[in-house]
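So in our numbering, the last one in the sequence shown is 769, and the numbering has no gaps at all. Input: a single structure, listed below in C-alpha cells.
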Amino acid sequence: MTFSTMAAAQSPVPLSATPIAGQLVEHQGKTYETIQEGQAFILIPPNTRKSQDPQSKGKTSAGDDLPQNVFYNPIQQFNRDLSVLAIKAFGEDLCQRRTIKHEQDLAKHKAKKDRKRKRPDGETAEEANGGSVKFAKIENGSAEPTTAGSLEQPTEQSNTETSTNGAEPWKPNFRILDALSATGLRALRYAQEVPFSTSIVANDMSKKAVESIQINVEHNKLTSKITANTGNAMGHMYATAFPAEESHGPQHVNLKYDVIDLDPYGTATPFIDSALQALNDGGMLCVTCTDSGVFASTGYSEKTYSLYGGMPAKGSHSHETALRIILNSIASSAARYGLAIEPLLSLSIDYYVRMFVRVRKSPAEVKFLSGKAVISYECDVGCGAWTIQPLGRNTKQSGKNEHVWYKHTIAQAPSANRMCDHCGSKTHIAGPMWGGPIHNAAFVEKILSDLDVADPKVYQTKPRIEGMLDTALDELSVIHNSKDIWKRAKLADGTLEILPKTPPETLDLHPFFFIPSALAKVIHCQAPSEAALKGALRHAGYKATRSHCKPGSTKTNAPWPVVWEIMREWVRQKSPLKEGSLKETSPGWKIMQAARQVVDEVESTEAVECDSKEETPDIVTESKDVPETPVTEHEKPQDVSKMKIVFDEALGRDKPGKKLVRYQQNPRENWGPMARAKGSG
C-alpha cells in the first residue's frame, strides 16, 4: 500500500489539530496531506508530484501525480538541514555579541546615573522637574530611547529586560527573512528549530504561495512568530532598507534583518543588491544558485559574465571556480556601499551551490577586495594546469611602535605566458573571482560541534552534512598559517568569541584541485592511487588533502611544476609508458620531455622500501620536518628534477577515524531541481 493510499483511508482532521506526519487535513473544503521535515509540517494536496522524470519534460498524462501549485522539492532537505544549523551557529555568535554590548551599555548608563547623583542638587533640577527625554543612536538594528533617571528601554532589539523582580532576562532581537518562501517550509523550520529567533517574515509574490504559507503557519501554531507577506522580494527588501519616513515612528524602529535567505529557482544575482541593503550590520546572507549550466559551464560564458561578472572555467574544478565567481559578484556589489563580505561556508552540492556570507560595514576592509580578486589562466584544452593572477596587491607596511598597515596597489602582469609552460597548449581566462578562503574554519567547527548532539530524526541528512563539512574543513589546511588564522579571542566579558572573523588580508593562493586520473590521461599512464600521490606530495613537504566538490580530487599547495614532476616520476618508477603511446604533437609528449634521464639506483631502492607500510610505523597526514612556509603559485623550485620523489602510501593515507559520507551518490531515482510550480498569482 502506497503512502497516498494509506492517507486516503484516514478521516481528515481540522486545521487546528495537532500536526502529525501522514495525516489528512481538511480546510475550507480542501483536503491536504501532511508532510513533516525537521520539526515543521507542511500541507500539500494529496498525490502532488514530489519527483520528476527528466525525460517527461514536465508533461503529465492520465494517472500521473498532479503538478505542483506551490514549489516543494524533498531533495532540498539537505540544503534546509544545513541552513538551520548554519543560522543557529551564526545566531549564537551574534546574540552573544549583542548581549555583551547591551550589558556594557547598562553599565555605562549606571555609571552615568551614579555620577549625576553625586552632583549638587542644582545641576540635576532640569532632569528632576522636566524629565527630559534623550534618544540613543541605532546600533545593530536596535533603537534604544532613554529617559533621564531611568534604565534604557530597548524597543526593537530586545524582548524582555533584566530586573530584580523575577522578570525574564533581556533577549536580543533576531529577525530572519525567507525572501522566496514558496510553501514557507524554511520559515517554519527556522521558527521551530532556531530557539533565539524572534521574528520571521515569509515572503512570496505568488498569492497561492502566500495562502499556502498562511495555512502552514496556522497549522504549526506559529502565527505569533511568522508573518506571511505577498510581494516582490526585491521590492520588500528595498522597502525594509529605505522605509517611508512616516513608518519610522517616534523611536525610529529599525526592521532590517539579521539573516536573509535567498533560495530562488535559478540565479540569486537579481536579489543580491536589495538583500545587502536590508541586512543589519554583521548580518548573514544565505544564497543558493541552481543554474549550474551557466555558472559551471563554458557553454554560455556570455550569460555567466552578464549574471556574475566573471568568465567560467572548463575542467574538473569548474564548480569551485563557480563558487568563487559568485562570491566575487556578491563582494563587488557589497563594496559599492562600503560593505565587506566574509564567506563562512561555500559548498557545491548536487546541482546547485550554497553560500553563507557574513556582511559588515567596513570601508577599510573593502580596500582589500582588489587584492583578493583574481583571474586564472587555464590550460583547459591541454594538461589542465592553471596560473593565478591577482588584480591588486595588499602589501604589509610597518612603522614606529610596531604599527602595521597595508598599502593597496595594482598587481604586476602577466603571471603566465599565452601558451602553457608545461604542455605548450593555449590558455584561456577564467574570472575575476574571489581569491580568499571560501570557508571560516571556526564556523565549520561550530556546526560540526552542534551536529554531534543534533537529533538524526530531525536532521535526516546528518551523515552527509558531517562528511561534507569535515571535507570542507580539510580544504583550509593548504592555506598558509591556517591554524592561527581563526583563533578565538576574548570578548569584553572574558568569554571566547564563537566565530572569529577571517582577517581581510588572508589569501588562498591554491584555490583549486585536480583529479589524478585526469593527469594520468594526459600522459597516457596508469593513474596513481590517492595514497601514493598524496604520499609523494607530503614527502616533498607539501600539504595534500581532498575537495568537497568532487570525489577522487586532490587539493595541494604544491605548484604545478612539482605536480608534473611527481607524475613523471610515477611513470619512471612505477608505470612505464608503452613506446609510441604519446604523439609528438600531444600535450603529454611535451610534458614527458622534461623527464629525468638518469636513474639514481639508491634513490629508487629507497622509494621501493618506503612503499611498505611496515617500514613506516606512524601514519601521519603531513611531513613532520617540513617548516610551515608559504608557497605561492608563482614560485618554482630551483630544479624540480633534483627533488627526491618517494611514493610513500603510508604517509599518504589519512589517519584512521570515523567513517564519513563525504560524497553521497544520487539519493533516489529522478532526483534534481524539478520543474517550476504552475500556480498562478
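Glycine included, every Cβ here is placed at the ideal spot set by N, Cα and C.
Inset, instruction - Spatial neighbours of Leu273 within its chain, please: CB distance less than 8 Å, with the 5 preceding and 5 following residues excluded, ordered by chain position. - result: Glu125, Ala128, Ile130, Tyr160, Arg168, Asn304
Legend entry - Top-ranked residue by Cα proximity to Ala501, from Ala529, Asn489, Lys488, Val462: Val462
Inset, instruction - Kindly indicate the opening and closing residues of the alpha helix (DSSP H) around Ser362. - result: 357-365
Inset, instruction - Look at Asp292 and Thr311 and say whether their C-beta atoms are less than 8 Å apart. - result: no
Legend entry - Coarse secondary structure for Lys671, derived from DSSP in three states: coil
Legend entry - Spatially closest choice to Ala279 from Ile264, Glu490, Arg446, Thr386, by CA coordinates: Ile264
Legend entry - Pairwise C-alpha distance: Ala646 and Ser565: 12 Å
Inset, instruction - Report yes if the C-beta distance between Thr573 and Phe166 is below 8 Å; otherwise report no. - result: The question names Thr, but residue 573 in the sequence shown is Ile. No.
Inset, instruction - Go ahead and pull the three-state DSSP assignment for His197. - result: helix
Legend entry - Cβ-based burial, Ala401 [other Cβ within 10 Å; buried from 16]: buried
Inset, instruction - Go through its chain and collect everything with a Cβ distance to Leu364's Cβ below 7 Å, but skip five positions before and after it. - result: Ser421, Ala422, Tyr425, Leu427, Val447
Inset, instruction - Over the uninterrupted alpha helix (DSSP H) stretch that includes Ala297, give me the two end residues. - result: 295-307
Legend entry - Residues bridged to Tyr345 (per DSSP): Leu367
Inset, instruction - Taking Asp266 as part of the beta strand (DSSP E), name the residues at either end of that continuous run. - result: 263-266
Legend entry - Residues near Thr355 by beta carbon distance below 6 Å, same chain, minus five either side: Cys377, Asp379, Leu395
Legend entry - Opening and closing residue of the beta strand (DSSP E) in which Val462 lies: 461-466
Legend entry - Reference Ala366, options Glu333, Leu665, Trp677, Thr328, closest by Cα: Thr328
Inset, instruction - Please name the residue, chosen from Ser605, Leu415, Lys449, that lies closest to Ser434 on a Cα-to-Cα basis. - result: Leu415
Inset, instruction - Confirm, please, whether the CB-CB distance from Val347 to Arg277 is below 8 Å. - result: no
Inset, instruction - Measure the CB-CB distance between Ile418 and Ile429 and report whether it falls below 8 Å. - result: yes
Inset, instruction - State yes or no: is the C-beta of Ala267 within less than 8 Å of the C-beta of Asp349? - result: yes
Legend entry - Under the three-state DSSP convention, the category Ala501 falls into: coil
Legend entry - Delimiting residues of the alpha helix (DSSP H) encompassing Gly381: 380-383
Inset, instruction - Alpha carbon to alpha carbon, how far is Lys638 from Leu432? Give it in angstroms, no decimals. - result: 20 Å
Inset, instruction - Flag this pair as yes or no: are the beta carbons of Val375 and Val298 separated by less than 8 Å? - result: no
Legend entry - Same chain only: Cβ atoms within 6 Å of Leu625, ignoring 5 sequence neighbours per side: Ala632, Thr644, Ala646
Legend entry - Per-residue DSSP class, three states only, for Asp474: Per the sequence presented here, residue 474 reads as Trp, with Asp not at that position. Strand.
Legend entry - Local Cβ density within 10 Å of Leu597, reported as buried at 16 or more and exposed below that: buried
Legend entry - Pair within 8 Å by beta-carbon distance, Leu557 and Ile535: yes
Inset, instruction - Would you list the one or two residues that DSSP bridges to Glu114? - result: Pro102, Thr119
Inset, instruction - Go to Phe444, then tell me how far its beta strand (DSSP E) extends in each direction, as first and last residue. - result: 440-449
Inset, instruction - Go to Gln280, then tell me how far its alpha helix (DSSP H) extends in each direction, as first and last residue. - result: 273-281
Legend entry - Through-space distance from Tyr345 to Gly218, alpha-carbon basis: In this predicted model, Gly218 has a pLDDT of only 49, less than 50, meaning its place in the structure is not dependable enough to derive any value.
Inset, instruction - State yes or no: is the C-beta of Arg576 within less than 8 Å of the C-beta of Ala530? - result: yes
Inset, instruction - Please list, in chain order, all residues of the same chain as Thr122 whose beta carbon is under 7 Å from its beta carbon, the five residues on each side excluded. - result: Pro107, Ile108, Ala109, Gly110, Gln111, Val113, Phe129, Leu131
Inset, instruction - Give the straight-line distance between the Cα atoms of Pro744 and Pro551, rounded to the nearest whole angstrom. - result: 18 Å
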